[in-house]
Amino acid sequence: MDGMTNVRAPHHPTDPVATPRGIDHIVAGVSTSDGDGVKLTRVLQQPLQKRLDPYLMLDAFGSDNAGDYIGGFPNHPHRGFETVTYMIAGRMRHRDSAGHEGLLENGGVQWMTAGRGLVHSELPEQEEGLMEGFQLWLNLPAKDKMREPWYRDIQSSEIPEFTTAGGAHVRVIAGTSHGIAGAEQRAHTEPLYLDITLPPGAEFAQPLPHDHNALVYVFRESLWIAGSEVPTRRMAILANDPGSDGVVLRAGATNHSPARALLIAGKPLNEPIAQYGPFVMNTQEQIKQAVHDFQNGKLG
217 MDGMTNVRAP HHPTDPVATP RGIDHIVAGV STSDGDGVKL TRVLQQPLQK
267 RLDPYLMLDA FGSDNAGDYI GGFPNHPHRG FETVTYMIAG RMRHRDSAGH
317 EGLLENGGVQ WMTAGRGLVH SELPEQEEGL MEGFQLWLNL PAKDKMREPW
367 YRDIQSSEIP EFTTAGGAHV RVIAGTSHGI AGAEQRAHTE PLYLDITLPP
417 GAEFAQPLPH DHNALVYVFR ESLWIAGSEV PTRRMAILAN DPGSDGVVLR
467 AGATNHSPAR ALLIAGKPLN EPIAQYGPFV MNTQEQIKQA VHDFQNGKLG
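Counted the way my numbering counts, the sequence shown spans residues 217 to 516.
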């Protein structure tokens, strides 16, 4: 998909949305810090995991004050899920105990499958300027939680993009939109991960299976969904309306600049979730084993 930027979306028979979803509720997120004092907003928190299954967490970070991010995320373990880190602006170096290393830069994505476990670090390679991005945690099905760890660096040029006739610009990180396949696909959770930019007054329609859980996180200006406004830095959890076939996003006509949002959806696993910090399994016994393995140097 190298160099696939700003192509015109082809007509696709499933593109129109006849019965769009509404909003279940809007979430503000909680300001917190993680790693070595990195300031961030935890948008998708643990109490929402079952509602937004297969997603476990969404963090948004963004600051031009180096003190808010310079400590980064030193060595820490993971087991049982995938991390998807999307950098809007900045430079972050990844290293892990499985021997993977990569530099995350403007517009790029790092997709890491922790599987049975590894230890990794994510450290800034800048001392000034803006660092902005997101980290999403995607659960693994029970049968894959102890699989071999995997890692992929996705450069910005490898992320397919298109612009609709109505002016919506879309980056397809995962899944498929308007006939354009994203940079990554997953069979069991079927993740859809879009970065959508909408000029004032523009609309974008995305088909969604009615039983997939979905969220929209707005990080520039505001958007309207089914007659309700979603302000900037807010997450709209979309209703699982019976008979719905997608979602329609519309930027306010009075917006001063283009709106920008993440549209994230996926097929729920409907499996038990047991979490203890960086370990996400199906039972408490598995969590105890993960802690034991980490304490005894068996992760990675």
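Ideal Cβ positions, reconstructed from N, Cα and C, are used throughout, including at glycine. In this text the structure is predicted, and so the values were computed from the model without any measurement.
Residues that DSSP places opposite residue i in a beta bridge
i	result
residue 512	In the DSSP output, where bridge partners are listed per residue, residue 512 has none listed.
residue 339	309
residue 464	421
residue 326	301 and 369
residue 496	491
residue 477	412 and 434
residue 295	495
Pick from the options that is closest to residue i, judged by C-alpha positions
i	options	result
residue 522	318, 383, 241 and 270	There is simply no residue 522 to check, as the chain begins at 217 and stops at 516 in what is shown.
residue 464	470, 335 and 477	477
residue 362	331, 344 and 244	331
residue 417	236, 244 and 437	437
residue 413	368, 468 and 272	468
residue 355	441, 253 and 298	298
Inter-residue spacing [alpha-carbon to alpha-carbon] between residue i and residue j
i	j	result
residue 388	residue 402	14 Å
residue 423	residue 232	7 Å
residue 225	residue 374	A caution first: residue 225 carries a pLDDT of 44, below 50, which makes its placement in the model unreliable, though a value can still be read off. Rounded to the nearest angstrom, the two C-alpha atoms are 17 Å apart.
residue 411	residue 400	14 Å
residue 194	residue 325	The requested residue 194 does not occur in the structure, where the chain is confined to residues 217 to 516.
residue 381	residue 421	12 Å
residue 395	residue 385	14 Å
residue 427	residue 344	44 Å
residue 439	residue 460	20 Å
residue 259	residue 266	15 Å
residue 347	residue 383	27 Å
Environment of residue i [buried if 16+ CB atoms lie within 10 Å]
i	result
residue 246	exposed
residue 443	exposed
residue 234	exposed
residue 429	buried
residue 493	exposed
residue 500	exposed
residue 452	buried
residue 473	exposed
residue 561	For the chain, the structure presents residues 217 to 516; residue 561 sits outside this window and is missing.
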